[in-house]
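Below you'll find the structure, written out as structure tokens, and then a few comments.
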Amino acid sequence: MTLTAPARTAPPPALPGRAPGARRAWRRASPYAYIAPFFTLFAAFGLFPLLYTAYVSLYRVELQTPGDMQWRGLGNYTALFADEFFWTSLRNTFTIGVLSTVPQLAMALGLAHLLNHRLRGRTFFRTAMLLPYATSVAAATLVFSQLYGRDFGLVNYVLGLVGTDPVDWQSGTFASQAAVSTIVIWRWTGYNALIYLAGMQSIPHELYEAAEMDGASRWRQFFHVTLPGLRPTIVFTAVVSTIGATQLFGEPLLFEGSLSGGISHQYQTLGLYMYEQGWGFFHLGRAAAVAWVMFLLIVLLVGANALIARRRTRKEAGR
Amino acid sequence: MTALAEPPVGHRPPDRPARGGSRGAARRARSGAGRTMQGGRLTHAVLVLAVLVSAFPLYWTVVAASRSNADLARVPPSLLPGPHLMRNFEAVVREADIGRALVNSFIVSGSITVGTVLCSTLAGFAFAKLRFRGRGALLAVTVGTMMIPPQLGVIPLFILIAELQWVNQLQAVILPGLVSAFGVFFMRQYLAQSLPDELIEAARVDGASSARIFWSIVVPVARPGMAVLGLLTFMAAWNDFFWPVVALSSSEPTVQVALRQLGGGYVNDQSVIMAGTLLGTLPVLLVFGLLGRQIVGGIMQGAVKG
Chain A
7 MTLTAPARTA
17 PPPALPGRAP
27 GARRAWRRAS
37 PYAYIAPFFT
47 LFAAFGLFPL
57 LYTAYVSLYR
67 VELQTPGDMQ
77 WRGLGNYTAL
87 FADEFFWTSL
97 RNTFTIGVLS
107 TVPQLAMALG
117 LAHLLNHRLR
127 GRTFFRTAML
137 LPYATSVAAA
147 TLVFSQLYGR
157 DFGLVNYVLG
167 LVGTDPVDWQ
177 SGTFASQAAV
187 STIVIWRWTG
197 YNALIYLAGM
207 QSIPHELYEA
217 AEMDGASRWR
227 QFFHVTLPGL
237 RPTIVFTAVV
247 STIGATQLFG
257 EPLLFEGSLS
267 GGISHQYQTL
277 GLYMYEQGWG
287 FFHLGRAAAV
297 AWVMFLLIVL
307 LVGANALIAR
317 RRTRKEAGR
Chain B
341 MTALAEPPVG
351 HRPPDRPARG
361 GSRGAARRAR
371 SGAGRTMQGG
381 RLTHAVLVLA
391 VLVSAFPLYW
401 TVVAASRSNA
411 DLARVPPSLL
421 PGPHLMRNFE
431 AVVREADIGR
441 ALVNSFIVSG
451 SITVGTVLCS
461 TLAGFAFAKL
471 RFRGRGALLA
481 VTVGTMMIPP
491 QLGVIPLFIL
501 IAELQWVNQL
511 QAVILPGLVS
521 AFGVFFMRQY
531 LAQSLPDELI
541 EAARVDGASS
551 ARIFWSIVVP
561 VARPGMAVLG
571 LLTFMAAWND
581 FFWPVVALSS
591 SEPTVQVALR
601 QLGGGYVNDQ
611 SVIMAGTLLG
621 TLPVLLVFGL
631 LGRQIVGGIM
641 QGAVKG
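Top to bottom, those sequences are chains A and B. Per this note's numbering, numbering through the first sequence is continuous, rising by one, with the last residue being 325. Per this note's numbering, numbering through the second sequence is continuous, rising by one, with the last residue being 646.
Have a look at this one:
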């Protein structure tokens with residue numbers, strides 16, 4: 007970290023008059039050289055595809071001949087809205103989203119509260135809870151679909167031990183959606199718990215001391231100091247989880263391995279529906295229309311999230 | 341939206357580790373009731389339960405991968421590993437070409453990690469420490485798109501890749517993988533907090549060139565942040581699913597593409613599928629086992645879902 011550039015290696019005094027000007031020009035240009043690699047890639051593979059999606063959604067594009075585009079106007083969208091499976095997948099995305107996000111964040115909050123105690127082996131607990139996060143969607147889903155097997159799955163075996171009839175985790179609508187949701191919950195609860203823990207540790211301890219002096223119990227402290235202090239973090243995780251839920255794909259794809267998300271599309275999500283349109287039915291244009299609908303949905307949901315958060319803050323401030 | 345969507349970075353300066361250390365202990369000692377509460381027996385019990393739930397599916401993968409398919413269909417099921425691990429590994433290497441998938445995944449994730457860390461450090465340094473026109477706007481664009489899932493741009497990206505004749509070639513996955521707005525933001529935050537302006541000024545006065553300043557001053561300071569970003573990037577790249585499934589096929593698979601083939605009904609033997617899952621997960625679990633502590637630290641400094 008020491009300065010390895012002694013003054014002696016300064017640019018040679020040759021070419022007086024020109025060098026300082028050139029150097030100043032370079033000084034002014036060099037920031038752009040630093041950001042150029044990122045922004046070149048970003049423009050080509052990040053920004054361009056996002057913007058171009060809207061354009062593609064107005065054309066008929068086939069998977070085998072992606073260079074050949076025919077103007078279709080809003081045809082892809084009308085076809086979409088006329089397809090009952092689009093509405094099914096929209097509904098499923100919503101129910102699976104709620105089923106996975108709400109318990110996930112609630113449990114993460116509880117776990118973070120526990121992790122915030124003085125613990126023996128706290129590094130172990132934190133690391134172990136992140137194991138699911140290190141597991142890929144594909145791996146997690148394959149294991150869970152094995153555990154959820156109708157005839158020989160471990161889940162049904164355990165249910166049998168407590169005297170419950172076996173559940174058909176694949177073909178029941180609610181059962182399959184709940185099963186898919188548990189995969190999401192398993193993978194992300196520990197991760198969110200760590201985010202909350204980081205938030206909890208940044209709450210000024212004076213607040214707790216003041217609450218203590220006022221005689222507030224542990225639980226009251228949790229509800230009146232911890233939760234309000236965590237609000238920005240909670241909004242952040244809610245937004246990220248909502249976005250994740252809106253584009254859920256790997257879990258429903260690999261749960262049984264079919265593009266339709268179950269025989270009667272009972273757990274097909276919008277992400278999977280998009281993939282089915284593009285790579286199952288070869289309609290890239292229609293898939294782009296689905297992507298655009300998903301984008302609007304995300305904007306809507308995130309906007310609603312922000313609105314709720316702001317209104318609650320204002321209410322609190324007015325109190 | 342962007343203001344809300346900004347991750348809770350900077351709760352703690354990165355140079356102040358979350359774990360242990362005398363400073364951490366000192367902080368804990370003077371912190372308030374909410375933080376110093378001693379964890380009771382119940383707290384420990386619940387946490388142990390959470391750890392068991394977190395670990396069980398992985399343990400079950402080992403059990404199922406080391407048994408025969410007939411074992412898995414037995415009631416009551418066997419909960420301990422069996423003797424067939426090697427046989428199942430051989431079967432999955434034969435049937436799903438997991439060996440090639442592993443090599444490809446190492447190439448892809450390795451390239452993405454090196455490229456992302458480099459691009460992000462360069463851009464992060466410029467955003468943190470250099471003044472130039474359009475800096476604010478460019479940073480806003482970067483952060484603003486951080487929350488837009490790349491999955492939404494998959495169709496034009498596929499058309500682009502198809503036009504370039506890159507379908508089913510590894511660069512189709514590597515190049516888009518290098519785009520990490522999060523990485524730029526992460527390195528910007530890191531360098532803004534840990535690289536003193538005076539250091540750069542001094543080097544400038546000494547006449548060090550811009551490239552020289554970067555390599556001998558910025559990079560050494562940035563190294564811990566680069567390491568954490570590298571870890572997170574490697575894991576995310578290894579586990580990335582949607583785009584590789586779209587851009588590659590079973591003839592040139594990454595691990596996740598191979599797992600998708602396994603789950604797609606090409607192989608019916610559950611224990612073989614579990615053997616493939618285990619092989620594909622082991623490398624990243626190994627990284628996690630060695631450097632889990634750093635990954636935890638990185639996430640607590642404010643990571644975002646890949």
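For every residue, glycine included, the Cβ atom is placed at its ideal position computed from N, Cα and C.
### Message
Could you compute how far the alpha carbon of residue 144 of chain A sits from the alpha carbon of residue 521 of chain B?
### Response
On the first sequence, position 138 is the one that residue 144 of chain A refers to. On the second sequence, position 181 is the one that residue 521 of chain B refers to. Distance between the alpha carbons of residue 144 of chain A and residue 521 of chain B is about 25 Å.
Exercise for the section: Can you tell me the Cβ-Cβ gap for residue 295 of chain A and residue 82 of chain A, rounded? I've got them flagged as a contact below 8 Å. Expected result: As a working note, residue 295 of chain A is residue 289 in the first sequence. As a working note, residue 82 of chain A is residue 76 in the first sequence. With a Cβ gap of about 4 Å, residue 295 of chain A and residue 82 of chain A count as contacting.
Between residue 291 of chain A and the rest of its own chain, which residues show a CB-CB distance below 7 Å, the 5 nearest in sequence each way excluded? As a position in the first sequence, residue 291 of chain A is number 285, starting the count at 1. Contacts found: 62, 63, 65, 66, 67, 78 and 82.
Check your understanding: Taking the continuous alpha helix (DSSP H) assigned at residue 529 of chain B, which residues delimit it?
Key -> Here residue 529 of chain B refers to the residue found at position 189 when the second sequence is read from its first residue. That run of the alpha helix (DSSP H) goes 521-534.
Which chain A residues sit within Cβ distance under 8 Å of residue 566 of chain B?
Indexing the second sequence from 1 puts residue 566 of chain B at position 226. Under the 8 Å cutoff, chain A gives no residues; its nearest Cβ is about 14 Å from residue 566 of chain B.
TODO: Within the region 138-184 of chain A, note down every full alpha helix (DSSP H) run reaching 4 residues or more, in order along the chain.
DONE: 143-153 and 160-167
Leaving aside the five residues before and after residue 151 of chain A along the sequence, list all residues of the same chain whose C-beta is less than 6 Å from its C-beta, in chain order.
-> Start at 1 with the first residue of the first sequence, and residue 151 of chain A comes out as number 145. Once the five neighbours on either side are set aside, the close Cβ partners of residue 151 of chain A are 261.
- Query: Between residue 475 of chain B and residue 467 of chain B, is the Cβ-Cβ spacing less than 8 Å?
  - Reply: On the second sequence, position 135 is the one that residue 475 of chain B refers to. On the second sequence, position 127 is the one that residue 467 of chain B refers to. Yes. Within cutoff.
- Message: Suppose you measure from the CA of residue 604 of chain B to the CA of residue 263 of chain A; what does that come to, to the nearest Å?
- Response: Translated into positions along the second sequence, residue 604 of chain B becomes position 264. Translated into positions along the first sequence, residue 263 of chain A becomes position 257. Near 4 Å, if we compare the C-alpha coordinates of residue 263 of chain A and residue 604 of chain B.
- Message: Which residues of the region 248-274 of chain A have a Cβ closer than 7 Å to any Cβ of chain B? Give them in chain order.
- Response: Answer in chain order: 249, 250, 253, 255, 256, 260 and 263.
| query | Can you find a CB in chain A that lies within less than 8 Å of the CB of residue 506 of chain B? | reply | Indexing the second sequence from 1 puts residue 506 of chain B at position 166. By this cut-off, residue 506 of chain B is not an interface position.
Tell me, please, whether the CB atom of residue 172 of chain A is closer than 8 Å to any CB atom in chain B?
Taking the first residue of the first sequence as position 1, residue 172 of chain A is located at position 166. Not closer than 8 Å to any Cβ of chain B, the Cβ of residue 172 of chain A fails to qualify, so no.
Is there contact between the region 618-633 of chain B and the region 133-148 of chain A, where contact requires at least three CB pairs shorter than 8 Å? By the criterion of at least three beta-carbon pairs nearer than 8 Å, the region 618-633 of chain B is in contact with the region 133-148 of chain A.
- In angstroms, rounded to a whole number, what distance separates the CA positions of residue 206 of chain A and residue 496 of chain B? Counting from one through the first sequence, the residue named residue 206 of chain A turns up at place 200. Counting from one through the second sequence, the residue named residue 496 of chain B turns up at place 156. Roughly 41 Å between the two C-alpha positions.
Practice item. Quickly, what does DSSP pair residue 505 of chain B with across the bridge? List them, please. Key: Your numbering for residue 505 of chain B matches position 165 in the second sequence. Partner(s): none; residue 505 of chain B has no beta bridge.
Out of A:92, A:43, A:244 and A:191, which one is the CA nearest neighbour of residue 308 of chain A? Here the question's residue 308 of chain A lines up with position 302 in the first sequence. Checking every option, the nearest Cα to that of residue 308 of chain A belongs to A:244.
Practice problem: Report all residues from its chain with a CB closer than 7 Å to the CB of residue 186 of chain A; omit the five preceding and five following residues, and keep chain order. | Solution: Looking up residue 186 of chain A in the first sequence gives position 180. These residues qualify, in order along the chain: 102, 257, 258, 261 and 273.
Rounding to the nearest angstrom, what Cα-Cα distance links residue 8 of chain A and residue 543 of chain B in this structure?
Against the first sequence, residue 8 of chain A aligns to sequence position 2. Against the second sequence, residue 543 of chain B aligns to sequence position 203. With a pLDDT of 39 at residue 8 of chain A, under the threshold of 50, the modelled position of this residue cannot be trusted; read the value that follows with caution. Looking at the two C-alpha atoms, the distance is approximately 10 Å.
So is residue 528 of chain B buried or exposed if we call it buried at 16+ other beta carbons inside 10 Å?
Within the second sequence, the letter at position 188 stands for residue 528 of chain B. Buried, because 16 or more other Cβ atoms sit within 10 Å of the Cβ of residue 528 of chain B.
In the region 54-69 of chain A, which residues sit with their C-beta less than 9 Å from some C-beta in chain B, listed in chain order?
54, 55, 56, 57, 58, 59, 61, 62, 63, 67 and 69
**Prompt:** Which chain B residues sit within Cβ distance under 7 Å of residue 300 of chain A?
**Reply:** To locate residue 300 of chain A, count along the first sequence from 1; it is residue 294. Residues of chain B with a Cβ closer than 7 Å to the Cβ of residue 300 of chain A are, in chain order, 492.
- prompt: Can you find a C-beta in chain B that's less than 8 Å from the C-beta of residue 82 of chain A?
  reply: For the purposes of this step, residue 82 of chain A is taken as residue 76 along the first sequence, with counting starting at 1. It does not; no Cβ of chain B falls within 8 Å.
Exercise for the section: Drop a sphere of 10 angstroms on the beta-carbon of residue 591 of chain B, count the other beta-carbons inside from all chains shown, and report buried for 16 or more, exposed for fewer. Expected result: Working through the second sequence from its first residue, we reach residue 591 of chain B at position 251. Flag for residue 591 of chain B reads exposed.
Beta-carbon neighbours of residue 386 of chain B, restricted to chain A and to distances below 9 Å: One-based indexing of the second sequence puts residue 386 of chain B at position 46. Neighbours of residue 386 of chain B on chain A, chain order: 116, 117 and 120.
Going straight from the alpha carbon of residue 371 of chain B to that of residue 197 of chain A, what length do you get? The count along the second sequence starts at 1 and reaches residue 371 of chain B at position 31. The count along the first sequence starts at 1 and reaches residue 197 of chain A at position 191. Legend: pLDDT at residue 371 of chain B = 41, less than 50; position of this residue unreliable, no value from coordinates given.
**Prompt:** When DSSP labels each residue in this structure, what does residue 273 of chain A get in the three-state scheme?
**Reply:** Numbered from 1 along the first sequence, position 267 holds the residue referred to as residue 273 of chain A. Here residue 273 of chain A sits in coil by DSSP.
Going by DSSP in three states, residue 473 of chain B sits in which element: helix, strand or coil? Within the second sequence, residue 473 of chain B is the residue found at index 133, counting from 1. Of the three classes helix, strand and coil, the one that applies to residue 473 of chain B here is coil, per DSSP.
Do you know offhand how far residue 116 of chain A's Cα is from residue 199 of chain A's?
Counting from one through the first sequence, the residue named residue 116 of chain A turns up at place 110. Counting from one through the first sequence, the residue named residue 199 of chain A turns up at place 193. Roughly 8 Å separates the two Cα atoms.
Length of the line joining the Cα atoms of residue 508 of chain B and residue 601 of chain B: By 1-based counting over the second sequence, the position of residue 508 of chain B is 168. By 1-based counting over the second sequence, the position of residue 601 of chain B is 261. If I take the Cα positions, the gap works out to 15 Å.
Margin query: Counting only Cβ pairs nearer than 8 Å, list the residues of chain B close to residue 110 of chain A.
Written below: Taking the first residue of the first sequence as 1, we reach residue 110 of chain A at position 104. Under the 8 Å cutoff, chain B gives no residues; its nearest Cβ is about 12 Å from residue 110 of chain A.
Practice problem: Tell me whether the beta-carbon of residue 4 of chain A lies closer than 8 Å to the beta-carbon of residue 134 of chain A. | Solution: Given a span of 7 to 325 for chain A in the structure shown, any question on residue 4 of chain A remains unanswerable.
Practice prompt. Kindly indicate which residue of B:420, B:448, B:437 and B:629 has the alpha-carbon position closest to the one of residue 402 of chain B.
Written response: Here residue 402 of chain B corresponds to residue number 62 of the second sequence, with the count starting at 1. Per the Cα distances, B:420.
Own chain, CB closer than 8 Å to residue 442 of chain B, minus 5 neighbours either side, in chain order
To locate residue 442 of chain B, count along the second sequence from 1; it is residue 102. For residue 442 of chain B, where only same-chain residues beyond five positions count, the Cβ hits under 8 Å are 595, 619, 620 and 623.
query: Between residue 440 of chain B and residue 422 of chain B, is the Cβ-Cβ spacing less than 8 Å?
result: Counting from one through the second sequence, the residue named residue 440 of chain B turns up at place 100. Counting from one through the second sequence, the residue named residue 422 of chain B turns up at place 82. Result no, Cβ atoms of residue 440 of chain B and residue 422 of chain B do not sit closer than 8 Å.
Would you mind giving the Cβ-Cβ distance between residue 232 of chain A and residue 254 of chain A, rounded to the nearest angstrom? I have them listed as a contact below 8 Å.
-> Here residue 232 of chain A refers to the residue found at position 226 when the first sequence is read from its first residue. Here residue 254 of chain A refers to the residue found at position 248 when the first sequence is read from its first residue. Residue 232 of chain A to residue 254 of chain A, Cβ: 30 Å. No contact.
Check your understanding: Does the beta-carbon of residue 580 of chain B have 16 or more other beta-carbons within 10 angstroms, so that it is buried, or is it exposed?
Key -> Position 240 of the second sequence, counted from the first residue, corresponds to residue 580 of chain B. Around the beta carbon of residue 580 of chain B, 16 or more other beta carbons sit within 10 angstroms, so the residue counts as buried.
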